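There are 4 protein chains.
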Amino acid sequence: MAEAKLNVGFLGLGIMGEAMARNLLKSGLFASVTVWNRTLSKCEPLKSEGAKVADTPAAVVAACDVTFAMLADPDTALAVALGDNGAVAGISAGKGYVDMSTVDEACSSKIGAAVTAKGGRFLEGPVSGSKKPAIDGQLVIMAAGDKELFDLVQPAFGVMGKRSFYLGATGAAARMKLVVNMVMGSMMGAFCEGMALADKAGLEQSALLEILGLGAMANPMFALKGPAIQARAYPPAFPLKHQQKDLRLALALGDALDVPLPVAAAANECYKEAKAKGLGDSDFAAVYESTQKKA
Amino acid sequence: MAEAKLNVGFLGLGIMGEAMARNLLKSGLFASVTVWNRTLSKCEPLKSEGAKVADTPAAVVAACDVTFAMLADPDTALAVALGDNGAVAGISAGKGYVDMSTVDEACSSKIGAAVTAKGGRFLEGPVSGSKKPAIDGQLVIMAAGDKELFDLVQPAFGVMGKRSFYLGATGAAARMKLVVNMVMGSMMGAFCEGMALADKAGLEQSALLEILGLGAMANPMFALKGPAIQARAYPPAFPLKHQQKDLRLALALGDALDVPLPVAAAANECYKEAKAKGLGDSDFAAVYESTQKKA
Amino acid sequence: MAEAKLNVGFLGLGIMGEAMARNLLKSGLFASVTVWNRTLSKCEPLKSEGAKVADTPAAVVAACDVTFAMLADPDTALAVALGDNGAVAGISAGKGYVDMSTVDEACSSKIGAAVTAKGGRFLEGPVSGSKKPAIDGQLVIMAAGDKELFDLVQPAFGVMGKRSFYLGATGAAARMKLVVNMVMGSMMGAFCEGMALADKAGLEQSALLEILGLGAMANPMFALKGPAIQARAYPPAFPLKHQQKDLRLALALGDALDVPLPVAAAANECYKEAKAKGLGDSDFAAVYESTQKKA
Amino acid sequence: MAEAKLNVGFLGLGIMGEAMARNLLKSGLFASVTVWNRTLSKCEPLKSEGAKVADTPAAVVAACDVTFAMLADPDTALAVALGDNGAVAGISAGKGYVDMSTVDEACSSKIGAAVTAKGGRFLEGPVSGSKKPAIDGQLVIMAAGDKELFDLVQPAFGVMGKRSFYLGATGAAARMKLVVNMVMGSMMGAFCEGMALADKAGLEQSALLEILGLGAMANPMFALKGPAIQARAYPPAFPLKHQQKDLRLALALGDALDVPLPVAAAANECYKEAKAKGLGDSDFAAVYESTQKKA
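Chains as they are written, first to last, in full-length UniProt numbering: chain Y, 1 to 295; chain Z, 1 to 295; chain D, 1 to 295; chain U, 1 to 295.
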């Protein structure tokens with residue numbers, strides 16, 4: 001006998017969330033997909049594609065077996081989970097809550113504790129990958145928390161991502177995500193410095209990109225972001241302010257664990273500078289602009 | 001009518017040079033391959049494989065149409081080219097000298113000027129790639145200087161590398177190589193900080209490697225060096241002291257051009273620390289050890 | 001008619017707190033001085049000099065007109081103020097609470113709000129200066145919050161410090177203290193790098209100290225800490241872990257305000273390294289050890 | 001019997017040099033003072049005060065017992081000493097040459113070797129202190145090289161400086177000067193970050209200056225440069241490009257000696273950024289502008 005299809009919810013329809021929710025919807029694997037966003041008008045496209053819309057996070061959770069959340073930062077994740085009419089208000093025994101936002105461990109633990117206190121099941125599931133992998137269902141999902149819930153949501157993870165990892169108790173995925181994004185932020189900083197130095201040294205940036213693409217450092221990120229940097233146009237796939245937030249959180253983790261991270265610390269200052277220049281909502285490749293100093 | 005085969009020379013049989021000279025020899029494309037190394041005993045393996053051996057750089061150049069050099073640092077490159085019985089002493093009209101060492105522009109220009117002053121032709125040709133690509137003939141060659149010489153040595157570049165670029169007047173390749181290696185040094189620094197933070201945060205380094213390998217940052221260098229870092233064993237493919245030298249030279253270039261490079265500057269200090277710990281002759285992945293501080 | 005003398009309390013008898021409480025006691029300006037410390041045995045010396053001892057922070061506050069607190073870090077400050085039998089439990093209308101710990105603004109604001117919610121008056125009053133100025137009553141006090149309370153405690157500030165500043169609403173003093181300590185942490189980092197480079201460059205550290213002492217950079221901190229660094233002995237006046245905490249909090253403030261602080265970020269990593277080497281409880285001049293890398 | 005008065009020369013009449021030469025002239029301790037500057041018109045004020053003027057460095061040296069030089073950077077120092085009609089061309093047995101420019105050790109050694117090769121005596125004598133101490137004869141002079149020449153020029157050092165140190169063989173003073181200026185550059189960077197953070201955090205910069213002036217960090221440099229930073233006006237006492245050059249040279253020294261200097265490396269990037277913004281000829285306090293990022 002086939003298992004009954006799940007009713008799933010999705011909270012937060014930003015760049016990433018909308019694409020992820022759409023993949024759940026399009027898969028046909030779920031009995032229903034109910035969405036919510038703080039600005040409710042952002043729900044319209046998905047509604048027209050067949051999603052249900054609820055007025056509050058609590059209403060989504062109450063209507064679904066499992067609810068996924070993809071929110072901008074720890075404060076928003078906390079507010080959506082724990083605020084008035086927040087997700088936890090809708091939790092009852094057995095319901096699952098999967099927070100895929102990139103948040104710090106304290107935040108994740110706090111939400112997890114509130115969910116389990118009401119008999120719910122909690123999984124943190126931050127992802128690696130930005131806009132395009134989200135659209136293509138090619139995210140990499142780092143999960144930690146309730147192992148049974150991890151197994152239950154495999155079909156959902158399967159349409160949102162190309163691979164999911166179970167990393168242990170709640171908090172492990174938050175930490176892994178920070179480590180991955182810290183490496184990414186520093187690596188982009190390294191790349192932008194190379195692009196800037198090439199340019200000032202009278203070398204073609206396109207030659208640098210070609211040479212990097214042929215060697216041991218060849219990677220999709222340089223190939224994707226290189227042309228954006230050449231054009232100095234940064235439509236947001238992963239907003240710079242979120243990259244900076246992740247560096248900040250990773251540095252705080254290193255601080256708590258006494259791990260010196262001088263490269264990441266230097267990179268973080270570059271992102272802060274770009275943010276101060278008004279580029280927080282641009283793609284994180286806009287950190288290139290921090291290398292451009294002419295008066 | 002077929003062109004006559006060239007007599008080629010090779011100066012400097014270190015980790016890279018020996019492999020490159022062997023590929024010239026094995027190709028069968030050259031009338032002869034004559035080698036020289038400061039410690040002459042290092043010429044023995046190639047001699048037994050068919051290479052000629054000469055006593056001095058001057059003698060190699062005198063005996064060959066084109067001579068390649070692959071030396072450890074600017075001082076050595078200058079000494080081999082300009083010292084007593086150095087390469088330039090063997091230059092006469094029409095002979096080619098291709099210095100593939102990673103050196104700064106001033107050094108390259110000085111050697112190039114000395115070669116052309118005696119009627120010779122000069123090309124700088126630093127490479128991207130270390131031990132394994134050198135063995136496999138898969139280096140990426142960045143060349144600048146005499147364009148006719150570049151065309152003439154295409155067969156040699158073809159067996160040593162998978163791709164060669166002509167970048168302009170002498171100095172351009174030196175600068176490009178520095179930019180590439182600066183990116184590499186910072187990127188390895190970023191990677192090592194990630195591996196260290198994962199470990200201290202109770203995460204499996206192998207999971208981090210797998211996750212990085214699935215995302216936009218996936219690259220051969222992380223895949224190759226990750227296990228070395230896990231094992232904390234660093235047999236030298238690209239010695240750490242050379243990586244640090246390249247960061248130093250790139251920072252000096254940025255300094256001359258007023259390009260702030262805070263990420264590379266921070267990474268450079270990590271390599272200096274690893275060097276101070278006695279790891280200068282280890283692989284540059286040993287910069288990981290600079291993240292390990294316990295008393 | 002003379003004003004009645006105040007009954008004052010003091011919470012936290014660490015290196016700084018004990019000296020400050022003793023100065024209150026010795027002044028004879030107060031009707032009584034009641035002290036508390038988590039490890040109660042630390043109250044004995046002051047008790048023998050005439051202080052009263054109470055069992056809990058709440059009991060101190062209940063017994064006094066104004067209570068001062070000098071605690072190690074934000075968590076401790078929060079626990080002592082807001083925990084079971086904490087200071088706030090003893091607050092009633094009109095009582096004053098002056099928290100002189102170095103804490104972040106959020107912490108200070110939280111404590112202030114709790115105090116005023118019960119009708120009390122709150123002042124934050126972090127200090128500049130460590131062990132010796134504390135003993136000599138020569139601290140510099142940065143105060144913010146309730147202006148009337150600031151005026152009321154002038155006699156107490158006068159025996160603990162040589163100067164007190166009223167900086168505005170609660171939070172302003174916390175921020176000023178962080179700025180001051182951030183400058184101090186970076187400046188000590190700069191000094192230690194100079195001492196290390198002098199030593200490695202074959203110069204006498206004593207000559208460097210003398211030369212610095214004659215120029216525009218001459219300052220008491222270099223004069224005081226120089227000999228400690230020469231001796232590589234670091235009896236704690238200001239524990240390194242607290243200096244690192246302040247750098248961390250200052251960087252977080254800069255992060256929130258989009259102020260790039262690359263020098264402080266680099267210095268912070270040095271303190272983290274020294275902490276990882278087990279020097280957290282040594283004087284902050286022990287950051288010199290982070291420059292000593294030999295295997 | 002009184003010793004005969006010396007005929008002294010002075011090469012380089014920049015901000016510092018003119019003031020130093022004037023002090024020699026005004027002292028009345030010397031039989032004559034002969035000056036030279038690349039732009040000869042800059043000699044006019046001193047000429048009107050009684051100095052002789054010569055057309056070339058060689059002519060100055062030929063006319064004097066001891067010649068002092070105060071030049072902008074190593075290239076200028078080398079050109080003035082070793083170029084056509086340079087100082088060394090005027091050296092004969094027994095003549096003294098005292099180079100007070102801030103140069104690296106290699107530069108100093110090269111000039112010293114050329115002087116002694118012609119039978120002359122050489123002393124390097126870089127100074128600590130900028131415009132005002134130069135005017136007031138309050139420089140601190142770090143000397144190394146010929147000890148007899150050091151003793152001979154004590155009267156001259158006595159009118160230019162408040163204290164002179166003999167530090168050992170040629171090169172020691174160059175290294176000491178770099179160490180001192182490295183500390184100064186980092187310390188100014190630390191100070192500017194504090195001023196910037198105070199401002200963004202809603203605090204009065206004047207309060208910060210007052211608080212710093214009361215504590216262990218109190219020093220003349222903060223007191224002097226603080227108001228300049230508040231006014232964001234930077235008339236050059238010590239040009240920023242020279243401070244950046246000294247950081248660069250100090251980092252190169254640390255690089256050669258395997259001394260990690262992450263704080264100085266971060267500070268150097270700030271000066272480079274200020275230089276890129278066109279502030280190279282402003283006072284080094286203009287590094288404050290590198291903290292101001294608004295688009």
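Don't be surprised by glycine CBs; every beta carbon is placed ideally from N, CA and C. All values reported here derive from a predicted model rather than from experimental measurement.
For the alpha helix (DSSP H) holding Asn7(Z), just list the boundary residues, first then last. For the purposes of this step, residue 7(Z) is taken as the residue at position 7 of the second sequence. It is not in any alpha helix (DSSP H) - Asn7(Z) instead sits in the beta strand (DSSP E) that spans 7 to 11.
Using 8 Å as the threshold, is the C-beta distance between Val103(D) and Ala77(D) below it? What you label residue 103(D) is simply residue 103 of the third sequence in a count that begins at 1. What you label residue 77(D) is simply residue 77 of the third sequence in a count that begins at 1. Cβ atoms of Val103(D) and Ala77(D): closer than 8 Å.
Where Gly90(D) sits in the DSSP three-state scheme: On the third sequence, residue 90(D) is found 90 positions in, with the first residue counted as 1. The answer is helix: DSSP assigns Gly90(D) an H, G or I state.
Skipping 5 residues on each side, what residues in its chain have a beta carbon closer than 6 Å to that of Ala173(Z)? As a position in the second sequence, residue 173(Z) is number 173, starting the count at 1. Correct list, in chain order: Glu124, Pro126, Met142, Ala143, Ala144, Leu167.
Please work out which residues of its chain come closer than 7 Å, Cβ to Cβ, to Gly158(Z), disregarding the five sequence neighbours upstream and downstream, and give them in chain order. Here residue 158(Z) refers to the residue found at position 158 when the second sequence is read from its first residue. For Gly158(Z), where only same-chain residues beyond five positions count, there are no Cβ hits under 7 Å.
Should Pro262(Y) be flagged as near chain U, meaning a C-beta pair shorter than 8 Å? By 1-based counting over the first sequence, the position of residue 262(Y) is 262. At least one chain U Cβ lies under 8 Å of Pro262(Y).
Using the beta-carbon of each residue, which ones in chain D are nearer than 9 Å to Thr291(U)? Residue numbering aside, residue 291(U) sits at position 291 when the fourth sequence is read from its first letter. The answer, in chain order, is Val259, Pro260, Leu261.
I'd like to confirm the pairing. Which residues does DSSP put opposite Leu123(Y) in its beta bridges? Translated into the one-based positions of the first sequence, residue 123(Y) becomes position 123. Answer is Val98(Y), Gly145(Y), bridged to Leu123(Y).
In terms of residues, what are the limits of the beta strand (DSSP E) holding Ser32(U)? Walking along the fourth sequence from the start, residue 32(U) turns up at place 32. In the DSSP assignment, Ser32(U) falls within the beta strand (DSSP E) that extends over 32 to 36.
Spatial distance of Thr39(U) from Asp65(U) (CA atoms): The residue labelled residue 39(U) in the question sits at position 39 within the fourth sequence. The residue labelled residue 65(U) in the question sits at position 65 within the fourth sequence. Cα-Cα distance, rounded: 24 Å.
Counting only C-beta atoms, is Phe157(U) closer than 8 Å to chain D at any point? Here residue 157(U) refers to the residue found at position 157 when the fourth sequence is read from its first residue. False, the Cβ-Cβ gap to chain D never drops below 8 Å.
Secondary structure at Arg163(U), three-state DSSP: helix, strand or coil? Here residue 163(U) is taken as the residue at index 163 of the fourth sequence, counted from 1. In the three-state reduction of the DSSP assignment, Arg163(U) falls in the strand class.
Looking at the secondary structure, which residues open and close the beta strand (DSSP E) in which Thr67(Z) lies? As a working mapping, residue 67(Z) is identified with position 67 in the second sequence. Segment 66 to 69, the beta strand (DSSP E) holding Thr67(Z).
Do Asp281(Z) and Lys241(Z) have their C-beta atoms within less than 8 Å of each other? The count along the second sequence starts at 1 and reaches residue 281(Z) at position 281. The count along the second sequence starts at 1 and reaches residue 241(Z) at position 241. Yes, they are a contact pair.
For Asp255(Z), count neighbouring Cβ atoms within 10 angstroms of its own Cβ and tell me buried if that reaches 16, exposed if not. Walking along the second sequence from the start, residue 255(Z) turns up at place 255. The residue is buried, with at least 16 neighbouring Cβ atoms inside 10 Å.
Expressed to the nearest angstrom, what Euclidean distance is found between the alpha-carbon atoms of Gly215(U) and Met176(Z)? Along the fourth sequence, one-based indexing puts residue 215(U) at 215. Along the second sequence, one-based indexing puts residue 176(Z) at 176. Approximately 49 Å, taken between the alpha carbons.
Who are the neighbours of Arg248(Y) on chain D, taking C-beta pairs under 7 Å? Locating residue 248(Y) in the first sequence gives position 248, counting from the first residue. Per Cβ cutoff of 7 Å: Asp255.
When you compare the CB of Ala266(Z) with every CB in chain D, is at least one pair closer than 8 Å? By one-based count along the second sequence, residue 266(Z) stands at place 266. Chain D contact via Cβ: present.
When you compare the CB of Asn37(Z) with every CB in chain Y, is at least one pair closer than 8 Å? Walking along the second sequence from the start, residue 37(Z) turns up at place 37. No, Asn37(Z) does not count as interfacial toward chain Y.
Which value, in whole angstroms, describes the spacing of the CA atoms of Thr116(Z) and Val98(Z)? Stepping through the second sequence from its first residue, residue 116(Z) is reached at position 116. Stepping through the second sequence from its first residue, residue 98(Z) is reached at position 98. When rounded, the distance between both Cα atoms is 12 Å.
By the 10 Å Cβ neighbour count, where 16 or more other Cβ atoms means buried, how is Met1(Z) classified, buried or exposed? As a first step, residue 1(Z) must be located in the second sequence, where it is residue number 1. Annotation note: pLDDT 41 at Met1(Z) (below 50); position unreliable, no value reported.
Using a 10 Å radius around the Cβ and a threshold of 16 neighbouring Cβ atoms, would you call Gln243(D) buried or exposed? In the third sequence, residue 243(D) corresponds to position 243, counting from 1. Flag for Gln243(D) reads buried.
Comparing the C-beta of Glu124(D) with each C-beta of chain U, is any distance below 8 Å? As a working mapping, residue 124(D) is identified with position 124 in the third sequence. So no, Glu124(D) is outside the interface.
Buried or exposed: Gly94(Y), going by 16 or more other Cβ atoms within 10 Å of its Cβ? Here the question's residue 94(Y) lines up with position 94 in the first sequence. Exposed, because fewer than 16 other Cβ atoms sit within 10 Å of the Cβ of Gly94(Y).
Taking the alpha carbon of Leu212(D) as the point to measure from, which residue in Ala228(D), Gly202(D), Phe191(D) has its own alpha carbon closest? As a first step, residue 212(D) must be located in the third sequence, where it is residue number 212. Of the listed residues, the one whose Cα sits closest to Leu212(D) is Phe191(D).
By DSSP, does Lys177(Y) sit in helix, in strand, or in coil? As a first step, residue 177(Y) must be located in the first sequence, where it is residue number 177. Correct three-state label for Lys177(Y): helix.
Output yes if chain Z places a C-beta closer than 8 Å to the C-beta of Ala276(U); else output no. Translated into positions along the fourth sequence, residue 276(U) becomes position 276. Yes, Ala276(U) lies at the interface with chain Z (some Cβ there is under 8 Å from its Cβ).
Would you decide whether Glu44(Y) is buried or exposed? Buried here means 16 or more other CB atoms lie within 10 Å of its CB. Position 44 of the first sequence, counted from the first residue, corresponds to residue 44(Y). Classification for Glu44(Y): exposed.
Looking at the secondary structure, which residues open and close the alpha helix (DSSP H) in which Gly213(U) lies? By one-based count along the fourth sequence, residue 213(U) stands at place 213. 205 to 214 is the extent of the alpha helix (DSSP H) around Gly213(U).
Where does Val53(D) fall in DSSP's three states? Walking along the third sequence from the start, residue 53(D) turns up at place 53. The answer is strand: DSSP assigns Val53(D) an E or B state.
Rounded Cβ spacing between Ala87(D) and Ala69(D) (contact assumed at less than 8 Å): In the third sequence, residue 87(D) corresponds to position 87, counting from 1. In the third sequence, residue 69(D) corresponds to position 69, counting from 1. At roughly 7 Å, the Cβ-Cβ gap stays under 8 Å, so Ala87(D) and Ala69(D) are in contact.
Contact set for Ala218(U): own chain, Cβ-Cβ below 8 Å, skip 5 residues either direction: Locating residue 218(U) in the fourth sequence gives position 218, where the first residue counts as 1. Result list for Ala218(U): Leu212, in chain order.
On the criterion of 16 or more Cβ atoms from any shown chain inside 10 Å, does Ala19(Z) qualify as buried, or is it exposed? As a position in the second sequence, residue 19(Z) is number 19, starting the count at 1. Buried: at least 16 other Cβ atoms inside 10 Å.
Kindly say whether Glu273(Z), judged by its beta-carbon, lies nearer than 8 Å to any beta-carbon of chain U. Position 273 of the second sequence, counted from the first residue, corresponds to residue 273(Z). For Glu273(Z), the answer is yes, since a Cβ of chain U falls inside 8 Å of its Cβ.
Residues of chain U with CB under 7 Å from Glu269(Z), in chain order? As a working mapping, residue 269(Z) is identified with position 269 in the second sequence. What Glu269(Z) touches in chain U: Pro260, Leu261, Pro262, Ala265.
Just tell me which of Thr291(D), Ala134(D), Ser41(D), Asp146(D) has its CA closest to the CA of Met195(D). Counting from 1 along the third sequence, the entry for residue 195(D) is found at position 195. Closest option to Met195(D), judged by alpha-carbon separation, among Thr291(D), Ala134(D), Ser41(D), Asp146(D): Thr291(D).
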